[in-house]
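Chains as they are written, first to last, in my numbering: chain E, 47 to 559; chain G, 47 to 559.
Notes to accompany the following structure.
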């Protein structure tokens, strides 16, 4: 190990081949030893087994590459909660596609860094194209350039603000509907930033709103969201030094328009313009997969001169599906949209995006560092990439996404979305048909809340922890106005009815009597 | 492609094997076609070639996995700036080790998410152990628990604040020197957060300081740094809603103690306590690799009741090396330390860390989300991971780091550090010995600034862009008080004297006459 080989260059692949063989063997052996969705025994036992398998973390003298890979990858696989197992269905934690994981290897080997062109010539070009294509799914009509500098919504006078058409025709994406303006060019075209996930995307959505407000108002931005919004909205407000978000009740799981209307009206004390406001809506809540009524909320944001951010980290990929796309009607009216292909997109983490109607809207992120984007370099034609992230060094997460889009095409991704949502409907049917179980509500996306009929909160929490401790199933939990529920977040598109039947049986078998 | 296989489970490895074969072939073919450190022709040509190779980004019908991998990975490799080529030496952009890239594949396949135990049982245990080991390199004496809640430095009364011993004995790390207190336990032990890189680590360092100040002062935190500090310090202050940092001149490339002393004195208007202050020092600047005089700056922070953050993203791994560790004397006196193993650590991006003297110092990041860390789950023994990052879903970047530490051991990493710093010294010697070239200064780490003797700024910038455009070399640039210089940031430990001689010849050949 005195001269461990590098991954790159023309010789790298030959150095990698035997190491990858060791990794694949250890992954298979670890998965077989685990023999279920997660290891049994709970946190203490898992930590002990890993320590025993792996030995000291930082030995004085190395063990060599194969030994290190064999022991640590085996330990990780044997101790994984593997979302490829249909009984691992707690969280928005997807089983990645093999082709996406394979593509991600190339990102690690080439190691481009997305903060300057001379570290990522092809990677930056691929990111630019892919980000635009994905943003165009969200904003198929583009954004009229005239509206950004006012406080009205991105739906300018060029189109009716009340048009509730689905977000874009299936194809061809290049053709706008007859009533929409021609697709804009350059800085007026839809664009997206690649992020580490929904949390960073939400953070950037709030940051862009903060900066937009900052140039126009003396009062700080006020974030308004439902109780159903993701916790990252709150954390982002704290991070950015903004006041705590105003949280509106969502007893039915979505943000009701009349609730938002009342709140926005109340924010304007008589005789004052009120603070600048960002409304955060959700297209696919973490607890139930519910989608807020986007067209009505967009109308209200328009009326009250508020910005609109939609967190579509979970629901966004319905844009691929002809069947389910109508659920996202109104999405294109948001100023910023969070997407995340490491949920319903089957990517290894990280694969987040923040879409905007026009590249120009990203201007507040512009940033200079003389060693990365000196003026004379930019003038000489070297692309300035520093304003495309708050990170500096940045992995090309776009490669696995681009490989997936190309390999599967829109229809292939639609098929996976449709299969996954169908599995959730099947599971809801099974629960509904079973007298011993109670269904919370029909699923919107792929989240199903259920519990043994009449189970109290303690019972529900106990079932979940028993299943975890015994290594039998990974289910989540959701606290709602009707108490605590078991949460199955189905993200494995190959889940069968048998898998779901046996999952229900496992819950029965672990219910305290 | 109707049912593209998943990466996980016991069947995943067999599905991956042929796909990885395609990836390796495409990486080799792309590197051979490129035939140099980067593609020739500049941004326009690279984008065109990629478009031609890859075809449409989001076709209606997919091309299948092998075709997508072959074309896109080939395009990325043919269009890469590959740091495994010794003439690709512009930035802190390292060539990853093959074993680290192989380990990272397992992270993508298993796809654990580090925000809850039930998504990452073994991965969270591995992260906890590895983070503590790396933090212990920075803080070999731990942190006296009594000091955090006051405004003095983490060097409490238990030890002399002026001890300028190197940061930790080479081994065994478990034994503290005789004058230090016993290594503390639990929440009082050194710890580290895993980040996306130095930028996020710096952001977290400022955030922890902001929150620490917030509970004790009415004035906002004032960040004080040298002109040599990384741009991310400024960006973090903006993000966090803090006043702009006070920037002190660094005409010699490092922050002089008398300059800091004067500034800290001036910040306290007579009769007032002055604002809470965070001093940001740098151990390895981006422009020259210089290290600020840490012991003297730590003394001043002590004296003035300021916190100290050290950005050791570049220099931190000198802790592995018996030869070079003394350069980091005083590092352990910082409240927070940025490390980054995707620079002198040969990891694929991302591999950042923020080290703190004690886990308890991370308390301001505590965060609740009922679905991830409900109180009853935490009481029942499920680890609460949400306070270990501002991200929610999070890739286990620790796996590749742990594999590298185990495979190479401390001495193996030290050898790579020593080789890399030796290459920089060799390059400086070659420049010094060559009458046609001018050396800026002897290198501290692995950055060498040079230029053709007498070259003006325009000439230097032109040479760099010519080398880029012709695909011959990737060199950086550094603006200093003595004008613009070519920057070689040597991170390839296998760089030979011949490589460096030919790099100098390339510069000569591309100098305008």
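Ideal Cβ positions, reconstructed from N, Cα and C, are used throughout, including at glycine.
Closer than 9 Å at the beta carbon, the chain E residues around residue i
i, result
"residue 502 of chain G", "None at all; the shortest Cβ gap to chain E is about 13 Å."
"residue 298 of chain G", "Those do not exist, as residue 298 of chain G stays about 18 Å from chain E at its closest Cβ, beyond 9 Å."
"residue 523 of chain G", "416, 417, 420, 423"
"residue 369 of chain G", "The premise fails here: residue 369 of chain G is roughly 16 Å from chain E at the closest Cβ pair, so nothing lies under 9 Å."
Proximal residues of chain E, C-beta to C-beta of residue i below 8 Å
i, result
"residue 540 of chain G", "49, 52"
"residue 7 of chain G", "As displayed, chain G neither begins before 47 nor continues past 559, which places residue 7 of chain G out of reach and without an answer."
"residue 159 of chain G", "137, 139, 395"
Sequence-distant residues of its chain with Cβ nearer than 6 Å to residue i (five each side left out)
i, result
"residue 255 of chain G", "267, 324, 353"
"residue 117 of chain G", "99, 100"
"residue 223 of chain G", "Note that residue 223 of chain G scores 42 on pLDDT, short of 50, meaning its location in the model is unreliable; the coordinates nonetheless yield the value given after this. Excluding residues within five positions, none has a Cβ falling inside 6 Å."
"residue 470 of chain E", "489, 492, 494, 536"
"residue 197 of chain E", "In this prediction, residue 197 of chain E scores a pLDDT of 38, lower than 50, which makes its location untrustworthy; no coordinate-derived value is stated."
"residue 310 of chain G", "350"
"residue 518 of chain G", "552"
Contact set between residue i and chain G, taken where Cβ atoms lie within less than 7 Å
i, result
"residue 388 of chain E", "439"
"residue 115 of chain E", "145, 148, 149, 449"
"residue 111 of chain E", "145, 453"
"residue 55 of chain E", "77, 128, 130, 131"
Residue i: contacting residues in chain E (beta-carbon distance under 7 Å)
i, result
"residue 422 of chain G", "507"
"residue 61 of chain G", "144"
"residue 106 of chain G", "217, 455, 456, 457"
"residue 520 of chain G", "164"
Same chain, Cβ closer than 7 Å to residue i, neighbours up to 5 away in sequence not counted
i, result
"residue 301 of chain G", "272, 274, 294, 327, 338, 343"
"residue 508 of chain G", "558"
"residue 336 of chain E", "274, 299, 300, 490"
"residue 307 of chain G", "346"
"residue 463 of chain G", "363, 364, 366, 367, 370, 390"
Below-8 Å beta-carbon distance, residue i vs any chain E residue
i, result
"residue 103 of chain G", "yes"
"residue 433 of chain G", "no"
"residue 156 of chain G", "yes"
"residue 529 of chain G", "no"
"residue 119 of chain G", "yes"
"residue 188 of chain G", "no"
"residue 58 of chain G", "yes"
"residue 463 of chain G", "no"
"residue 514 of chain G", "yes"
"residue 484 of chain G", "no"
"residue 259 of chain G", "no"
Chain G contact for residue i (CB, 8 Å cutoff)
i, result
"residue 252 of chain E", "no"
"residue 560 of chain E", "Nothing about residue 560 of chain E can be reported from this structure: the residues present for chain E run from 47 to 559 only."
"residue 164 of chain E", "yes"
"residue 413 of chain E", "yes"
"residue 167 of chain E", "yes"
"residue 294 of chain E", "no"
"residue 495 of chain E", "no"
Would you list, in chain order, the members of the region 444 to 455 of chain G that have their beta-carbon closer than 7 Å to a beta-carbon of chain E? 445, 448, 449, 451, 452, 453, 454, 455
Review point. Along the region 123 to 148 of chain E, what residues have a CB closer than 8 Å to any CB found in chain G?
Key: 123, 124, 125, 126, 127, 128, 129, 130, 131, 136, 137, 138, 139, 140, 141, 142, 143, 144, 145, 146, 147, 148
At 4 residues or longer, what runs of the alpha helix (DSSP H) sit wholly inside the region 227 to 279 of chain G? 244 to 260
Within the region 420 to 447 of chain G, note down every full alpha helix (DSSP H) run reaching 4 residues or more, in order along the chain. 421 to 425
Enumerate, from N- to C-terminal direction, the unbroken beta strand (DSSP E) stretches of 3 or more residues contained entirely within the region 307 to 333 of chain E. 323 to 328
Original post:
Which residues, in chain order, does the region 309 to 338 of chain G contribute to contact with chain E at a C-beta distance below 9 Å?
Top reply: 332, 333
Practice prompt. Taking a Cβ distance cut-off of 8 Å, strictly less, list which residues of the region 61 to 91 of chain E are near chain G, in chain order.
Written response: 61, 62, 63, 65, 66, 68, 69, 70, 71, 72, 73, 74, 77, 78, 84, 85, 88, 89, 90
- Task: Using a Cβ-Cβ cut-off of less than 7 Å, give me the residues of the region 169 to 181 of chain E that come near chain G, in sequence order.
- Result: 169, 171, 172, 175, 176, 179
Self-check item: 4-residue-minimum alpha helix (DSSP H) runs that sit fully inside the region 336 to 368 of chain E, ordered along the chain
Solution: 340 to 350
TODO: Select from the region 533 to 559 of chain G all residues with a C-beta closer than 9 Å to any C-beta belonging to chain E, and list them in chain order.
DONE: 533, 538, 539, 540
Next on the checklist: Tell me which residues of the region 231 to 249 of chain G have at least one Cβ-Cβ distance to chain E shorter than 9 Å, keeping chain order.
Outcome noted: 242, 243, 244, 245, 246, 249
Anything in the region 262 to 287 of chain G with a Cβ closer than 7 Å to a Cβ of chain E? List those residues in chain order, please.
277, 278, 281, 285, 286, 287
Exercise. Closer than 7 Å, Cβ to Cβ, to anything on chain E: give me those residues from the region 379 to 403 of chain G, in chain order.
Key: 388, 394, 395, 396
Checklist line | chain E contacts made by the region 466 to 479 of chain G, where a contact means CB separation under 8 Å | finding: none
- prompt: Residue ranges of each alpha helix (DSSP H) run of no fewer than 4 residues wholly in the region 47 to 87 of chain G, ordered along the chain?
  reply: 58 to 80
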